[in-house]
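Mature numbering (1 follows the signal peptide of the UniProt record, and there is no 0) puts the sequence shown at residues -28 to -1, 1 to 312. Backbone N, C-alpha and C define an ideal beta-carbon position, used for all residues, glycine too. Nothing here was measured: the structure is a model prediction, and the numbers come from that model. Accompanying notes for the structure given below.
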Amino acid sequence: MAIHNHITMFAIVLALGVLITMPRGGQSIEYVMAHLVIIYPQSSEVVALYQSNNITAMRLYDPNLSALEALRGSNIEIMLSVSNDNLQSFASDPSAANVWVQTNIKPYFSQIKFKYIAVGNEVIPGKMAQYVLPAIRNIRTALLSVGREDEIKVSTVVFLATFFLTNTFSSPLAGLFSSEVMLNLVPIIQFLNSTGSPLLVNVYPYLTYINNKDIIDINYALFTSPGTVVTDGSFKYQNLFDAMLDTMYSALEKAGGSNVGIVVSESGWPSAGGDAASVDNARTYYQNLINHVGKGTPKRPGAMEVFVYAMFNENQKSPEYEKHFGLFNPDGTPVYSINF
């Protein structure tokens, strides 16, 4: 189950993700801003909030003009998204992709550090999946025309829980993509491998836990298990996040993507509105995730890059728990304290 319906909302309200670079080993943790709220901080206020918390990267789900203007000279790295609504036109018309780059990248790249372009969000598998790779290629060709094809990595965002033949989180080494996923993903994997780009993956232990409470302990989902919960070969797992990521890595390897890295493009836990959604659980999950990112997974030890969903709560989404993933309220006050 995808965490959000915000694909259709990107043009309505600015959405951001942010990155905090930690000093230990280069690991990084990001935060994603809410998408549909009635009261919202000005872009300049949001940028100031991130800078005051030593946040050094931001995710924009839509090329919002006010946000881009506020980011000029901020030294904040950016992941910028191409919305699902644009996939078909960008796939079929290289000039449309070029106009997007000329409009949203070229005027800013001397003052804004664009790091990733995310082409489409959670459309694989599905009827829009066929358009992802052609759109990616055309965006990269457009970047080539402005000399930024190596500096800015182009990829797509996928939702981990929809990808596998079976639920193999209890055996991460058995991770295997379904045939429907393989049809569109294998060519994308080949492209990512050839360009040195990561796959962007939304990872939600919260959703996996609430849909499998009969077999998953909440401590495993919150990084609070006192010891090993799952042993798979020589690998020992003490948290669900690592097991989910390594399931993805195992499946990538079997699909020819051994050298393709993963950037976790969203992960979070709600503070209200649903099963196991509380301030204590949300604070625990986020803080433990922040503390964990420098360690990597059993299969892939070392620094990892993770976007946390979300920076701000939303008041116009459903179901109810989707309103409560934020670290901050829409007015900029904290929902709870986190040590960045």
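7 Å Cβ cutoff met for residue i and residue j
i: Leu49; j: Pro97; result: Checking the sequence shown, residue 49 turns out to be Glu, not Leu. In this structure, Pro97 does not lie closer than 7 Å to Glu49 by Cβ.
i: Val232; j: Asn165; result: yes
i: Tyr281; j: Gly240; result: yes
i: Phe149; j: Ala227; result: yes
i: Leu59; j: Tyr103; result: yes
i: Asn285; j: Gly298; result: yes
i: Pro242; j: Tyr293; result: yes
i: Thr219; j: Gly274; result: no
i: Thr269; j: Asp204; result: no
i: Ser197; j: Pro144; result: no
i: Pro13; j: Gly304; result: yes
Counted within 10 angstroms of its Cβ, other Cβ atoms place residue i as buried (16 or more) or exposed
i: Val9; result: Since pLDDT at Val9 reaches only 41, below the 50 mark, its modelled position is unreliable, and the value read off the structure follows with that caveat. That one is buried.
i: Leu261; result: buried
i: Leu132; result: buried
i: Lys99; result: exposed
i: Arg112; result: buried
i: Pro35; result: buried
i: Lys185; result: exposed
i: Asn174; result: buried
i: Gln210; result: buried
i: Pro177; result: buried
i: Leu116; result: exposed
i: Lys295; result: buried
i: Arg(-5); result: Low confidence applies to Arg(-5): its pLDDT is 37, below 50, so where it sits in the model is not reliable, and the reading given next is rough at best. Flag for Arg(-5) reads exposed.
i: Arg109; result: buried
i: Gly199; result: exposed
i: Pro306; result: exposed
i: Glu17; result: exposed
i: Asn70; result: buried
i: Ile187; result: exposed
i: Asp122; result: exposed
i: Ser309; result: exposed
Bridge-paired residues (DSSP) for residue i
i: Ile234; result: Leu171
i: Asn93; result: Val129
i: Phe204; result: Just to set this straight, residue 204 is Asp in the shown sequence, not Phe. Asp204 is bridged to Phe207.
i: Pro273; result: Gly268
i: residue 333; result: Because residue 333 is not part of the residues shown, which for the chain are -28 to 312, the question remains open.
i: Lys85; result: Glu49
i: Pro306; result: Phe300
i: Val54; result: Val91
i: Phe135; result: Partner(s): none; Phe135 has no beta bridge.
For residue j and residue i, believed in contact at Cβ under 8 Å, the rounded distance
i: His264; j: Phe207; result: With 8 Å as the limit, His264 and Phe207 do not qualify as a contact, their Cβ atoms being about 16 Å apart.
i: Gln23; j: Ser38; result: Gln23 to Ser38, Cβ: 17 Å. No contact.
i: Ala248; j: Ile182; result: 6 Å
i: Val126; j: Ser64; result: Not really, about 17 Å apart at Cβ, beyond 8 Å.
i: Val54; j: Trp72; result: 7 Å
i: Arg120; j: Phe81; result: 6 Å
i: Thr180; j: Leu212; result: 6 Å
i: Val118; j: Ile77; result: 7 Å
i: Ile161; j: Leu224; result: 7 Å
i: Val129; j: Asn93; result: 5 Å
i: Phe86; j: Leu52; result: 6 Å
i: Ser142; j: Val202; result: 6 Å
i: Arg31; j: Phe279; result: 6 Å
i: Asn56; j: Val19; result: In fact, because the Cβ distance is near 26 Å, the residues do not count as touching under 8 Å.
i: Leu171; j: Ile234; result: 5 Å
i: Ser15; j: Ala42; result: 4 Å
Near the ligand ADP: residue i beta-carbon under 6 Å from a heavy atom
i: Tyr257; result: Looking at this structure, you won't find the ligand ADP or any other ligand, since it has none at all.
In chain order, each beta strand (DSSP E) run of at least 3 residues that lies wholly inside the segment 139 to 181:
171 to 174
Ordered list of alpha helix (DSSP H) runs contained in the segment 96 to 123, each at least 4 residues
104 to 117
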